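Under my numbering, the first residue of the sequence shown carries the number 2, and numbering increases by one thereafter. Idealized CB from N, CA, C, for every residue including glycine. Bear in mind that the values here come from a model prediction, so they are computed numbers and not experimental data.
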Amino acid sequence: MYRLMARIESASSNRLEGGMSSATARCYISYQKIAITRQGIELTVIAIEEHWMMPELVSALAALPDEDRDESLAFNELGDHAERLRDLGDERILAMDAQGIDLSILSVTPPGTHPLAPADAVRLSQAANDAAAAAVASHPLRFRALSTLPMSSPRDVADELERAAALGHVGAMVYGRAGDRFLDDPVYEHFFATAERLAQPVFIHPQIPSRALRDASYRGFDPITELGLASFGWGWHVEAATAALRLILRGTFDRHPGLQVVLGHWGELLPFWVDRIDSLSRVAGLQRTVSDYLRSNFSITASGMLNPALLRHTLSVTSIDRLLFSTDYPFQHPTREDIAVFLDEFESDADRQAFTSANAVSLFGLNLTGP
């Protein structure tokens, strides 16, 4: 963790009486590390699902017709979320310091550019990736980024992934569908092949269900309850779980055994249903059980849900080297003390270090001294 140290200096010798010229004063920011320490060991903490948003993308999504608009974008406007999402500088770093986080991996909030027309999706994905790369360049010890990809323009996805990787992005964040096209559609085969070749992990983030599905299964309440049911309360997580399960059943990991996927929220329900979903392996003609793919091709992050019961169950399904820390900033708000207390649930110092940093370093190929 870094404590903010600020000092004001004058950019010229011209000073106001009793102070400095307001036109020439500059504020220099530096940070003094104060680590989270457990059992006498200083921990490096890497948070891998920390969101941001680009104003131009906000405007483009807001301009979509009602039938294409993602109503969960309203969550970005609650409280100070919009301000926090826009900031890729000192205020975000101060928030990291308060939680004891050394490095954040940045990703655009849902739905990314998925609902946009192909040309707009390509343009704004490129702009978002350039902006994230600039933030990393400005704060190389504090930030990395996942790329935003134009999934509504399948022919451009792999190329943008490759371009973003060359900028220093350490993986990609996608959602389970773009319009009516599922993530396991054959048009994305080149994307997954490229992700495997570049060793770029793919984070499948939740998104709101399609309007047709919402009409069939999520209506009948007041608008706020309907939105909550279709998003953070249930629908988001079923969508992400279904997308991941479809990739497995499509044989994606048989064709691309080196492909690595990340799921948030302790695996988006899948670790809690392995007894049933393993039955799909035989009928789908897979080479292995579904739970075996979960153990070998999926990493799981907490998304700010620091519940020891969820940790224990997940470890009954997969291994410690598959678990990653994250806070889901700015939507979840675990304090530094919340995080420190949760870390006491791990059985060993090695397991704590794996969860807080070592697994992320390995999966994303991180160099903590800079991009």
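Item	Value
Reference D322, options F332, L311 and S297, closest by Cα	S297
Length of the line joining the Cα atoms of S126 and G90	20 angstroms
Per-residue burial, N308 [other beta carbons within 10 Å of its own, 16 or more giving buried]	exposed
Residue ranges of each alpha helix (DSSP H) within the stretch 49-137, 4 or longer	56-63, 82-87 and 91-100
Through-space distance from S73 to A120, alpha-carbon basis	23 angstroms
Beta-bridge pairing of G172 - partner residues as DSSP gives them	L147
Cut-off 8 angstroms between Cβ atoms - residues of its own chain near S154, not counting five sequence neighbours on either side	P119, A120, A122 and V123
Assigned exposure category for T370 - 16 Cβ within 10 Å defines buried	exposed
Helix, strand or coil at R251 according to DSSP, with G and I counted as helix	coil
Complete beta strand (DSSP E) runs within the stretch 220-282 (minimum length 3 residues, chain order)	262-264
Under the three-state DSSP convention, the category V46 falls into	coil
C-alpha distance - C28 paired with L150, whole-angstrom precision	Note on C28: pLDDT 34, under 50, position unreliable in the model; the coordinate value appears next. The straight-line gap from Cα to Cα measures roughly 36 angstroms.
DSSP-derived helix/strand/coil call for R289	coil
Within 8 angstroms, strictly: CB atoms of E197 and G259	yes
Given 8 angstroms, three or more beta-carbon pairs between the stretch 46-54 and the stretch 91-110	yes
Alpha-carbon spacing of A285 relative to I249, whole angstroms	9 angstroms
Contact the stretch 251-265 vs the stretch 288-305: 3+ CB pairs below 8 angstroms	yes
Minimum C-alpha distance to R277 - residue among R212, T290, D103 and S148	T290
Contact check, A173 vs L147, beta carbons under 8 angstroms	yes
Helix, strand or coil at T302 [DSSP, three-state]	strand
Beta-carbon spacing of L199, E163 below 8 angstroms	yes
CB of I205 within 8 angstroms of CB of A244, strictly	yes
Which of helix, strand or coil DSSP assigns to A179	strand
L312 in three-state terms, based on DSSP	helix
Boundaries of the alpha helix (DSSP H) in which F356 is found, first to last residue	Per DSSP, F356 belongs to no alpha helix (DSSP H) and is neither H nor E.
CB contact flag (W267, T315, <8 angstroms)	yes
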